Amino acid sequence: MRRLLCAFGLALFLTLPSAPSAIANEGAPGALPPSVRIKPLMVPVVNAGRIEKYTQVEVNLEIGDALKLGEVQLSIPRLHDAILTAIYKGVDEGWIVRGNIANVPALRRRIDESVIAMFGKDVVSRILITPIARQSSLQ
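Encoded structure:
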């Protein structure tokens, strides 16, 4: 009986160190991929040639290639400009109507095109666009 318990304990001991390494190879459960947050962008809502109000849009870029995270973080000012340009293009194209994003897939494609031009393909795996706030115009 004692030998059986010793054998069982030894088997248990030998399997314990391999379990954490298997989890580490698969990635920790619930671990989020690295992402870069672009500070909120102020977008004017124009109606009949006048700024009616402002809306703020926040963009988060999920980085698919963790080795490129530092390069993307260093380029946040350029990303900010490229995303703001894409948003204004969205207003011109009718993708953003009165501060609401009417065509999210088209806006994401435009932002993705800008990101691919800067960093290459597959660096950014997902783009999250979130409207945050609306303000009345200053009069």
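The opening residue of the sequence shown carries number 796 in this note's numbering; numbering runs sequentially from there. Each residue gets a CB set at the ideal place from its N, CA and C atoms; glycine is no exception. The model shown is predicted, which means the values in this text are computed figures rather than measured ones.
If you ignore the 5 residues before and after residue 841, its C-beta comes within less than 6 Å of no other C-beta in its own chain. If you draw a straight line from the Cα of residue 919 to the Cα of residue 882, it comes to about 18 Å. In the three-state reduction of the DSSP assignment, residue 848 falls in the strand class, which pools E and B.
Short of 6 Å from the beta carbon of residue 891, and not among the five residues preceding or following it, lie these beta carbons of its own chain, in chain order: 885. At least 7 Å separates the beta-carbon of residue 867 from that of residue 878.
In this structure, residue 911 keeps its C-beta atom at 7 Å or more from the C-beta atom of residue 853. Counted as a single uninterrupted DSSP element, the stretch harbouring residue 832 is not any alpha helix (DSSP H) but the beta strand (DSSP E) occupying residues 830-842. In chain order, 881, 882, 885, 890, 891, 896, 924 place their CB closer than 8 Å to the CB of residue 902, counting only its own chain and leaving out the 5 sequence neighbours on each side. The three-state secondary structure of residue 826, taken from DSSP, is coil.
Apart from sequence neighbours up to five positions away, the residues of its chain that approach residue 893 with a beta-carbon distance below 8 Å are 840, 842, 847, ordered along the chain. Annotation for residue 874: the continuous alpha helix (DSSP H) segment containing it runs 871-888. Straight-line spacing of the CA atoms in residue 845 and residue 869 works out to 36 Å. Residue 833 and residue 874 have their C-alpha atoms some 8 Å from each other.
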